[in-house]
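Colleague: Each residue of the sequence shown is one higher than the one before, counting from 35 in my numbering. Just so it is clear, CB atoms sit at the ideal spot from N, CA and C, and this is done for glycine as well.
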Amino acid sequence: MGIDEVSRTWTRLGAEDPMWAVLTDREKAGGGWTTDDFLATGAREIETLLGRLDALGAAPARGRAVDFGCGAGRLTHGLALAGFAEVVGLDISPTMLEKAREIVTAPAADFRLAEGPELEVVESASADLVYTCRVLQHMPPELAHRYVREFYRVAKPGGLVVFQLPTTPAATPAGFALRALPAPLARRLRRGMEMHGTPEDRVHELVASCGATVLAADHDTSAGPRWDSRLYVTRAAA
35 MGIDEVSRTW TRLGAEDPMW AVLTDREKAG GGWTTDDFLA TGAREIETLL
85 GRLDALGAAP ARGRAVDFGC GAGRLTHGLA LAGFAEVVGL DISPTMLEKA
135 REIVTAPAAD FRLAEGPELE VVESASADLV YTCRVLQHMP PELAHRYVRE
185 FYRVAKPGGL VVFQLPTTPA ATPAGFALRA LPAPLARRLR RGMEMHGTPE
235 DRVHELVASC GATVLAADHD TSAGPRWDSR LYVTRAAA
């Protein structure tokens with residue numbers, strides 16, 4: 035799957051059922067998410083994230099935050115609610131952005147279409163915090179890693195870049211079943227979504243190659259029970 039196919043898949047999903055595509059709760063498929071419940075999940079996630087950053091002694095300035103792969107805007111809403119002066123929500127899918135603009139009314143929210151891997155729509159060294167979750171896992175590792183490099187370009191010197199990536203299928207019955215499932219069948223069952231992982235040591239190498247520092251690599255459940263996953267808290271070079 036290249037970037038064009040990623041765009042087509044998420045544009046289709048954004049037209050069909052955008053909130054479910056962002057949070058694939060089986061019971062919420064077919065329009066089961068209400069706007070309030072959907073946005074509330076983003077507010078809780080951002081509250082948890084900022085609490086973790088506080089605990090690490092790495093609380094970001096509340097200037098600009100970037101929500102990469104913003105989808106229908108649930109985390110953009112959460113970041114705006116948390117007091118960031120500007121929140122740039124980036125997505126490759128016009129239909130997702132259409133839904134985000136419909137349901138997120140915070141004045142701080144600024145939704146932008148990011149069509150290529152260079153994120154040219156965001157200025158260099160402009161973000162206090164770059165955050166992405168449940169996004170990089172759905173694209174080939176080479177493309178995901180290219181985006182990570184862009185995160186450090188748009189982060190201010192010493193700014194925070196926090197991103198989630200699976201490592202490998204989990205050492206559980208669900209993970210072993212995933213290993214045995216042919217990739218085309220797995221993709222069809224997920225309505226076109228792919229899942230990819232990057233070993234943790236490779237992520238550490240990637241971060242170091244960007245001159246950044248890993249502050250924490252927390253176990254994370256965002257990829258679901260079939261995958262082992264990490265939330266990487268990193269600081270851009272000063």
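1. For the segment 191-203 against the segment 130-143, do three or more pairs of beta-carbon atoms, one drawn from each stretch, fall closer than 8 Å, so that the two count as touching?
2. What are the uninterrupted segments assigned as alpha helix (DSSP H) that are 4 or more residues long and contained completely in the segment 55-124, given in chain order?
3. How is the alpha helix (DSSP H) around G34 delimited, first residue to last?
4. Out of curiosity, what's the CA-to-CA distance linking G103 and V56?
5. Measuring straight from C-alpha to C-alpha, what distance separates A63 and D51?
6. With DSSP as the reference, label P151 as helix, strand or coil.
7. On the premise that R108 lies in contact with F32, defined as a C-beta separation below 8 Å, what is that separation, rounded to the nearest angstrom?
8. Would you mind reading off the limits of the beta strand (DSSP E) that contains V248?
9. Among residues of its own chain, excluding the 5 on either side of S127, which ones have a beta-carbon nearer than 7 Å to its beta-carbon?
10. Distance, Cα to Cα, A93 vs L153?
11. Look at the alpha carbon of R264 and the alpha carbon of T206, and state the distance between them as a whole number of angstroms.
12. For the beta strand (DSSP E) containing A242, name the first residue and the last one.
13. Per DSSP, what kind of secondary structure is T202 in: helix, strand or coil?
14. Should R98 go down as buried or exposed, given a rule of 16 or more other Cβ atoms within 10 Å for buried?
15. Taking just the CA atoms, how far does G193 sit from Q171?
16. What is the DSSP secondary structure of A257, counted as helix, strand or coil?
17. Near W54, what residues of its chain come up, given a Cβ to Cβ distance below 8 Å and the 5 sequence neighbours on each side ignored?
18. Let me check understanding here. Comparing Cα to Cα, which of V156, P174, C167 and R168 lies closest to Y186?
19. Run the CB neighbour count on T255, radius 10 Å, all protein chains shown included, and call it buried at 16 or more, exposed below.
20. Within its chain, find whatever has a CB closer than 6 Å to the CB of D252; leave out the 5 residues flanking it on each side and keep chain order.
21. Is R168 helix, strand or coil when you go by DSSP?
22. Across which residues does DSSP place T268 in a beta bridge pair?
23. To the nearest angstrom, how far is the alpha carbon of A89 from that of A189?
Modeller: So, from the data block:
1. Not touching, per the Cβ criterion.
2. Runs of the alpha helix (DSSP H) lying entirely within the segment 55-124 and spanning at least 4 residues, in chain order: 69-89 and 108-115.
3. There is simply no residue 34 to check, as the chain begins at 35 and stops at 272 in what is shown.
4. Each residue's CA atom was taken as its position, placing G103 and V56 some 10 Å apart.
5. Straight through space, the alpha carbons of D51 and A63 are spaced by roughly 7 Å.
6. In the structure shown, P151 sits in coil (DSSP, three-state: anything other than H, G, I, E or B).
7. Because the chain in this structure spans residues 35 to 272, residue 32 falls outside the shown range and cannot be described.
8. Where V248 is concerned, the enclosing beta strand (DSSP E) starts and stops at T247 to D254.
9. Counting only residues of its own chain and dropping the five nearest sequence neighbours on each side, S127 has a CB closer than 7 Å to the CB of S41, W44, T45 and G48.
10. Each residue's alpha carbon lies about 25 Å from the other.
11. Inter-residue distance for R264 and T206 is about 16 Å (C-alpha atoms, whole angstroms).
12. A242 -> not in any beta strand (DSSP E); alpha helix (DSSP H) instead, spanning E234 to S243.
13. It is a strand residue.
14. A residue is called buried once 16 or more other Cβ atoms fall within 10 Å of its Cβ, and R98 is buried on that count.
15. Cα to Cα, Q171 sits roughly 23 Å from G193.
16. Three-state result, A257: coil.
17. Excluding residues within five positions, the ones whose Cβ falls inside 8 Å are K62, A63, G64, G65, G66 and W67.
18. Among V156, P174, C167 and R168, the Cα nearest to that of Y186 belongs to V156.
19. Counting every other CB atom within 10 Å of its CB across the protein chains shown gives T255 a total below 16, marking it as exposed.
20. Counting only Cβ-Cβ distances below 6 Å, and skipping sequence neighbours, we find L265.
21. Here R168 sits in coil by DSSP.
22. Note: T268 sits in a beta bridge opposite V195 and V248.
23. For the pair A89 and A189, the Cα-to-Cα distance works out to about 21 Å.
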